[in-house]
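Sequential numbering from 13 applies to the sequence shown in this note's numbering.
The C-beta atom is built at its ideal place from N, Cα and C for all residues, glycine as well.
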Amino acid sequence: MSAQFLSVNAKKHEGWLDWRWQLRNRIQSVDELYEYVNLTADEKQNIHMASDVFPMAITPYYASLINKADPQCPIRLQCIPDYRELIEGQSDMDDPLNEDSDSPVPGLTHRYPDRVLLLVTNECSMYCRHCTRKRKVGDNNTSIMDRDINQGIDYIKKHPEIRDVLLSGGDPLILPNACLERILRKVREIPHVQVIRIGTRVPVVMPQRITPELARMIKRYHPVWINTHFNHPREFTPDSIRALARLADAGIPLGNQTVLLRGINDCPMIIKKLVHLLVKSRVRPYYLYQCDLSRGIEHFRTPVAKGIEIMESLIGHTSGFCVPTYVVDAPGGGGKIPVLPNYQLSMTNTKTVLRNYEGVICVYDEPKNADFVCPPACAICKDHNIRHESVGLEELFDPQKQVISLVPEGNLRKARYTVRESKAHGY
Ligand code: SF4
């Protein structure tokens, strides 16, 4: 958006630069859209139907980025409801990441060994049409209460293995400063929490929220990392760039999580431009997400092959720190699985054959005497072994455990073997 367009809006709407005004004036009905987008009668009807099931809320700022005349505008597709949200996809799930089952207390997900996700609100400044938590976001029946947050904080206190707490939602930065500060203070007071992270889309959809006061407040609870969610180069405006600069100037390390979306950013050139703009604003491209199997977003999904194609065009073709990790969040709750083009072509005991981004094939000679034994007195190792149990594939490498195979639950061969064993022993 041009600076000129911004000032027109700022002049037209007195509160434009105030985030509370942006929140109060969110567009929640079709009639309010007239200022921002041209709609046919059919399109209006479609929006009505879709927003009855999955609510609509768009900040006037984000709506002002829509190209009025383009039905395929990437901004429009991310914020305006579409009848395709109502089509049941054959793989759709309400909770594809199984977050509910990994919740020992309401609003907290403990999936990975040393970190948790703490949901602090269900509200967002805008309801993204591709949201993976569509089932919860904006739903008043599943509001997150102070009581839930306190229970989550108590859980973290009782689990010394948790060193990293991700505040998410909804969007944590929609909370007033005092409320957010209360949560940050309580989490920071827990001695074993080393890092606090905040996941937010506010710099993209309501950058006015990133005030100097907010940045100063967050700075008091360092180390705090922020992950934001830019999906398209068009989301870079003077306002969003200023918001990112304010956070970076407060010493907050910034990362970005992009969702790969059909018809919006599923193109190597778009993603390349996006990662360059991110890095220019001191934001490290962190993840490129394959779209989840959530209900109502099937029309946004691309084949995994599209993600691989995009990674091919990034790795080696641009600076390493511009390249995000492409991940599929495992359906059923297995966590994020990195997916890469294949660079390792073959291997023997003495050589590994690799190819580079240009297709050049090379051989890496393995070291002659590769045996290495850890010094038994290594303090880091000792400390690690006291605190941590090896998990998953780690077990195969753990000399203490002597595990030789990992067998999935429900394996039929294993079940037959157990029955034979029982019979042999007359059980
Ligand atoms: S801001 Fe995040 S949580 Fe909120 S609707 Fe958008 S994607 Fe979902």
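DSSP-derived helix/strand/coil call for residue i
i    : result
W237 : strand
K318 : helix
K435 : helix
S14  : Note on S14: pLDDT 44, under 50, position unreliable in the model; no value is reported.
S19  : Unreliable placement is indicated for S19, whose pLDDT of 49 sits below 50; the coordinate value is still reported in the next sentence. S19: helix per DSSP, three-state reduction.
A69  : coil
A262 : coil
K348 : strand
M218 : coil
T330 : strand
M323 : helix
I186 : helix
S63  : helix
L192 : helix
Q84  : coil
T144 : coil
S417 : coil
V403 : coil
T430 : helix
V199 : helix
L256 : helix
L273 : coil
N- and C-terminal bounds of the beta strand (DSSP E) containing residue i
i    : result
I208 : V207 to G211
Q40  : Careful: Q40 lies outside any beta strand (DSSP E) and carries neither H nor E.
L357 : Q356 to M359
Residue i vs residue j beta-carbon contact at 8 Å
i    : j    : result
C91  : M61  : no
I222 : V177 : no
I210 : P184 : yes
S442 : L326 : Residue 442 is absent from the model: the chain starts at 13 and stops at 439.
V351 : L357 : no
N277 : P67  : no
I99  : P72  : no
V271 : N243 : yes
V340 : Y299 : no
Residue span of the alpha helix (DSSP H) that contains residue i, given as start and end
i    : result
A229 : Per the sequence shown, residue 229 should be read as Met rather than Ala. First-last of the alpha helix (DSSP H) with M229: P224 to K231.
D160 : D158 to K170
Q34  : W31 to R36
L408 : E406 to F409
Q412 : Per DSSP, Q412 belongs to no alpha helix (DSSP H) and is neither H nor E.
Distance cut-off 7 Å: residue i Cβ against heavy atoms of ligand 1
i    : result
D304 : no
H311 : no
G164 : no
D183 : yes
M138 : yes
R145 : yes
H241 : yes
V65  : no
V149 : yes
Residues sharing a beta bridge with residue i, DSSP
i    : result
N369 : Note on identity: in this sequence residue 369 is Tyr, with Asn being the wrong assignment. According to DSSP, which records beta bridges pairwise, Y369 is partnered with nothing at all.
C374 : L366
L131 : S180
M281 : The partner list for M281 (beta bridge, DSSP) is empty, contrary to what the question assumes.
V339 : Y301 and P350
R296 : G267
S306 : M105
V120 : The displayed chain sequence assigns Leu, not Val, to residue 120. DSSP, once it has assigned bridges, lists V117 and L130 as partnering L120.
Residue i Cβ short of 7 Å to ligand 2 heavy atom set
i    : result
R213 : The ligand content of the structure shown is limited to ligand 1, which means ligand 2 is not among them.
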